[in-house]
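Data first, discussion second: the structure below is written as structure tokens.
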Amino acid sequence: MTTNTTASAPAPTALDASRLDLAKSAPKVFRALIGFDAAAREGLDPALVELVQIRASHLNHCAYCLHMHTNDARKAGESEDRLHMLAVWREARHFFTEREQAALALTEAVTLVADGGVPDDVHARAAAHFDERELAHLLALILTINTWNRVALATGKVAGTDERGN
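The structure is reproduced here in structure tokens:
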């Protein structure tokens with residue numbers, strides 16, 4: 604008798620019917636968020652965009668967005684090593700460029716802003732690696748992923764049920 608010992612994730616369940624579907628209930632708001640997200644990404648390296656989104660999703664415990672953005676990062680060619688090391692990037696700095704590290708530090712400070720604001724040294728480090736326009740877009744990106752994390756958590760989105768169809 605052969606036993607299959609391969610662990611597999613449980614089948615994702617649909618969005619809890621009692622939870623709000625923001626896209627359907629407030630389509631203008633949802634489209635505005637999509638527009639904000641698209642504008643924030645302009646001029647930023649797509650790999651950096653995914654790293655920022657993944658790290659914020661870690662911090663916000665948003666499994667839905669974490670699943671979506673790690674898959675997007677893989678499709679864009681991101682390495683498994685870097686994806687695994689992202690949660691502990693400070694202990695694995697050699698996996699990330701100085702620019703990426705500056706962006707990750709800013710992501711953490713903005714995401715956890717209630718824990719002490721954005722320290723001057725974190726801002727200065729980011730400003731040293733990004734010009735003013737890039738820094739503005741990076742900040743906007745961090746704001747959008749934090750918003751998306753909160754939307755997903757508040758509406759009960761389930762990891763593995765990405766409706767984008769890609």
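Position one of the sequence shown corresponds to residue 604 (this note's numbering), numbered consecutively onward. We put the CB at the ideal spot given by N, CA and C, even for glycine.
Would you mind giving the Cβ-Cβ distance between residue i and residue j, rounded to the nearest angstrom? I have them listed as a contact below 8 Å.
i: residue 714; j: residue 662; result: 5 Å
i: residue 744; j: residue 676; result: About 14 Å; that fails the 8 Å criterion.
i: residue 732; j: residue 645; result: 18 Å between Cβ atoms; not a contact.
In chain order, what residues of the same chain lie with their CB nearer than 7 Å to the CB of residue i, ignoring the 5 residues before and after it?
i: residue 679; result: 649, 650, 653
i: residue 712; result: 721, 722, 725
i: residue 750; result: 636
i: residue 622; result: 758, 759
i: residue 687; result: none
i: residue 736; result: 646
Are the CB atoms of residue i and residue j nearer to each other than 8 Å?
i: residue 764; j: residue 640; result: no
i: residue 689; j: residue 658; result: yes
i: residue 708; j: residue 691; result: no
i: residue 625; j: residue 758; result: yes
i: residue 752; j: residue 660; result: yes
i: residue 655; j: residue 695; result: no
i: residue 742; j: residue 730; result: no
By Cβ distance below 8 Å, which residues in the same chain neighbour residue i in space, the five residues on each side in sequence not counted?
i: residue 755; result: 665, 667, 668
i: residue 674; result: 765
Just to confirm my understanding: we take residue i, look at its own chain, exclude 5 residues before and 5 after, and list those with CB closer than 6 Å. What are they?
i: residue 760; result: 667
i: residue 685; result: 698
i: residue 633; result: 625, 626
Tell me whether residue i counts as near the ligand MG, meaning its Cβ is closer than 7 Å to at least one heavy atom of that ligand.
i: residue 640; result: Of ligands this structure carries none, so the ligand MG is not represented either.
* **Inter-stretch contact (C-beta, 8 Å, three-pair minimum) for the stretch 694–714 and the stretch 669–681** => no
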